[in-house]
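**Student:** Numbering (the working numbering), first residue to last: 303 to 721. Glycine included, every Cβ here is placed at the ideal spot set by N, Cα and C. Please read through the structure below; I'll follow up with questions.
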Amino acid sequence: MFKFIHAADIHLDSPLRGLERYDGAPVDEIRQATRRALENLVELAIDQSAAFLLVAGDLYDGDWKEFRTGLFFVSQMARLREAGIPVYVIAGNHDAANKMTKKLPLPDNVLLLSPRKPETVRLEDWDVAIHGQSFAKGAVLDNLACAYPAGDSGRFNIGLLHTSATGREGHEPYAPCTLDDLRARHYDYWALGHVHTAEIVCQDPPVVFPGNLQGRNIRETGPKGCVVVTVDDDHRVSLEPQATDVFRWEVCRLTAGDVETGYDLLDRVRERLTGLAQAADGRSLAVRVELSGACPAHRALAAEPHRWREEIRAVAQDIGSGGVWVEKVSLATSPPGLERQSLDGPVGGLVRYVEDIRQSPEKVASLAGELTDLRDKLPPELKEGPDALDFDRPERIREMLEQVEQLLVHQLLSREGAP
Numbered sequence: 303m304f305k306f307i308h309a310a311d312i313h314l315d316s317p318l319r320g321l322e323r324y325d326g327a328p329v330d331e332i333r334q335a336t337r338r339a340l341e342n343l344v345e346l347a348i349d350q351s352a353a354f355l356l357v358a359g360d361l362y363d364g365d366w367k368e369f370r371t372g373l374f375f376v377s378q379m380a381r382l383r384e385a386g387i388p389v390y391v392i393a394g395n396h397d398a399a400n401k402m403t404k405k406l407p408l409p410d411n412v413l414l415l416s417p418r419k420p421e422t423v424r425l426e427d428w429d430v431a432i433h434g435q436s437f438a439k440g441a442v443l444d445n446l447a448c449a450y451p452a453g454d455s456g457r458f459n460i461g462l463l464h465t466s467a468t469g470r471e472g473h474e475p476y477a478p479c480t481l482d483d484l485r486a487r488h489y490d491y492w493a494l495g496h497v498h499t500a501e502i503v504c505q506d507p508p509v510v511f512p513g514n515l516q517g518r519n520i521r522e523t524g525p526k527g528c529v530v531v532t533v534d535d536d537h538r539v540s541l542e543p544q545a546t547d548v549f550r551w552e553v554c555r556l557t558a559g560d561v562e563t564g565y566d567l568l569d570r571v572r573e574r575l576t577g578l579a580q581a582a583d584g585r586s587l588a589v590r591v592e593l594s595g596a597c598p599a600h601r602a603l604a605a606e607p608h609r610w611r612e613e614i615r616a617v618a619q620d621i622g623s624g625g626v627w628v629e630k631v632s633l634a635t636s637p638p639g640l641e642r643q644s645l646d647g648p649v650g651g652l653v654r655y656v657e658d659i660r661q662s663p664e665k666v667a668s669l670a671g672e673l674t675d676l677r678d679k680l681p682p683e684l685k686e687g688p689d690a691l692d693f694d695r696p697e698r699i700r701e702m703l704e705q706v707e708q709l710l711v712h713q714l715l716s717r718e719g720a721p
C-alpha cells in the first residue's frame, strides 16, 4: 500500500488585481494565501508520508514579475527532498506563458515532464508508471490524451493531464478530451488539472479534478485543496479530499421572504454568517452577501442602501473578530406583491423580455457581441477583478441582466407609487 498527493492549479503569487478598491480588504493576507496554501500542501505530503506528489499544471500564474516566486517554490520543494518525496509536474497553460521557469534550477527531486510528447516515468519501488505531457504553449487545443501510451501491464498507471475535458464553463477549452479517450488508455487513475472546482468525473477508473489549492476571488468559493490518494496492494483506490486553503471565499444568499424590517434581516444575516465562519474552521473568510426576494422590508432597504450595507459589515466584524470580511453586499429585494404586478403592463413586459434573453444561449451570445465595442472603452478598473465586465463569460452576462432588471423594475414601480 502507498499514498500519493494529487494537486493542481496552485497559481503561486497570483496577482489578484483590484483588491485595493474594496474597503477594508485584507490585501496582504489574500496575496500571501497561495504561498501559505503551498506550505500546507508540503506539510500534508510530509505528514502523510506520501510516496510522491503530483502537480497537474498551473503551478505558476503566468510570467512572474519577481524571481522570488520561483525561489519560494524551490524552497518548498527542498523540504520535500529532505523528506524523500519526489514531485512530478506538468506545465499548464499559465506555466507555458512563463519565461523565467526556463532559467530556474529545480531541486533534483522535482521532474517537469516534457512538452514535446507524452513521457512515462516508472517508479520501481511502488510499481507505478506516471504518464504525462506539459503544455508547450499557452493555448493547446489538441487532444493530448489520445497520444498517451497504453498503461504498463502489472503497474499502477497514472495519467497526469491539464485539460478542460469535455468543457467546463469559465475555463478555456484546452487539451479537450472525452471520458472514453481517458478510459482507452487503461490507466488506474487520472490526475487532472485546469478546472478550479473539485470534481470526481468518474469512479472507475478514478478521473479527478482536485480543484485549485487556494481560492483567489469570489468565483472560487468553498474549501480548496488537494486529494490524498491511497492505493492498496490490489490497486484499489480511496480518495480523501484535504483542504489546504488559508483564506476562504463564500457567497451568502438569502431570500428575504417575510422579513418585516431591516433589523430582522440583520438577524438572518448574522445567523448565516455565523454558520459560514464556523465551517471555515478558523480560516479568515471573505463573504459576498446577496439579498433577494419580495419583502416588507424592501422600502427601508431601498431608501438607505448604504446604511444597511454598513450594518451588515458591522455584523460580520462582530462575528469574526476581524476574521470575516464582507467583500460586497447586493441588495436586490423587491416590494411585496411584485409578482402579481409584473404580470401585466410595462413592468411585466420588461421582466419577460429580460428573462427571455437570459434563458437563450443564442441571445446571450448575441448580446455579448454587441457589447464588445463597449468593453474597449471601459476604464481599467472595470476590466479587472472578479466583478469585471467580462462579456466573454455567459454567466457574467446573465448576472448583469438580472442586476439591470432589478434596477429598472424598482425604478418603474417607484414611479407608479408602488409600496
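Along the chain, which unbroken stretches of the beta strand (DSSP E) at least 3 residues long are found entirely within the region 528-571?
**Tutor:** Runs of the beta strand (DSSP E) inside the region 528-571: 539-545 and 549-557.
**Student:** Please identify the residue among Thr-557, Val-430 and Ala-581 whose C-alpha is closest to the C-alpha of Arg-570.
**Tutor:** For the residues Thr-557, Val-430 and Ala-581, the minimum Cα distance to Arg-570 belongs to Thr-557.
**Student:** Buried or exposed: Glu-522, going by 16 or more other Cβ atoms within 10 Å of its Cβ?
**Tutor:** Glu-522 comes out buried.
**Student:** Tell me the DSSP secondary structure of Trp-492 in three-state form.
**Tutor:** Residue state, collapsed to three classes: strand.
**Student:** Would you report the Cα separation of Val-530 and Pro-478, rounded to the nearest angstrom?
**Tutor:** Using only the alpha carbons, I get a separation of about 25 Å.
**Student:** By Cβ distance below 8 Å, which residues in the same chain neighbour Leu-714 in space, the five residues on each side in sequence not counted?
**Tutor:** Excluding positions up to five away in sequence, the list reads Pro-648, Val-649 and Leu-652.
**Student:** Hey, how far is the Cα of Ser-644 from the Cα of Pro-598?
**Tutor:** Residue confidence for Ser-644 is low, a pLDDT of 49 falling below 50, so the modelled location carries little weight; the figure read from the coordinates is stated next. The straight-line gap from Cα to Cα measures roughly 17 Å.
**Student:** Taking only the alpha-carbon atoms, compute the straight-line gap between Leu-343 and His-313 and give it to the nearest angstrom.
**Tutor:** About 13 Å.
**Student:** Please list, in chain order, all residues of the same chain as Trp-428 whose beta carbon is under 6 Å from its beta carbon, the five residues on each side excluded.
**Tutor:** If we look at Trp-428 and ignore the five residues flanking it on each side, its Cβ neighbours are Phe-304 and Ala-353.
**Student:** DSSP beta-bridge partners for Arg-424?
**Tutor:** Bridge partners of Arg-424: Ala-431.
**Student:** Considering Cα atoms alone, identify which of Arg-555, Gly-517 and Phe-511 is closest to Glu-542.
**Tutor:** Measuring from the Cα of Glu-542, the nearest candidate turns out to be Phe-511.
**Student:** Would you kindly work out how many angstroms separate the C-alpha atoms of Lys-630 and Leu-575, rounded to a whole number?
**Tutor:** Roughly 13 Å between the two C-alpha positions.
**Student:** For the beta strand (DSSP E) holding Val-503, just list the boundary residues, first then last.
**Tutor:** Counting along the chain, the beta strand (DSSP E) containing Val-503 begins and ends at 501-505.
**Student:** Using the beta-carbon count (16 or more within 10 Å), is Ile-724 buried or exposed?
**Tutor:** Any question about residue 724 goes unanswered here, given that the chain covers just 303 to 721.
**Student:** For Tyr-390, which residues does DSSP report across the bridge?
**Tutor:** Note: Tyr-390 sits in a beta bridge opposite Leu-356 and Leu-413.
**Student:** Return the bridge partner residues of Phe-458 from the DSSP annotation.
**Tutor:** DSSP lists Val-430 as partners of Phe-458.
**Student:** Indicate the three-state DSSP secondary structure (helix, strand or coil) for Thr-576 in the structure shown.
**Tutor:** Reduced to three states, the DSSP call for Thr-576 is helix.
**Student:** Report the CB separation of Gly-495 from Asp-360 in whole angstroms; it is logged as a contact under 8 Å.
**Tutor:** Contact flag correct, Cβ pair sits at about 6 Å.
**Student:** Could you work out which residue in Tyr-565, Leu-568 and Thr-546 is closest to Ser-586 when comparing CA atoms only?
**Tutor:** Checked all of Tyr-565, Leu-568 and Thr-546; the closest Cα to Ser-586 is Thr-546.
**Student:** Applying the criterion that 16 or more other CB atoms from any shown protein chain within 10 Å of the CB defines a buried residue, is Cys-448 buried or exposed?
**Tutor:** By the 10 Å Cβ count, Cys-448 comes out exposed.
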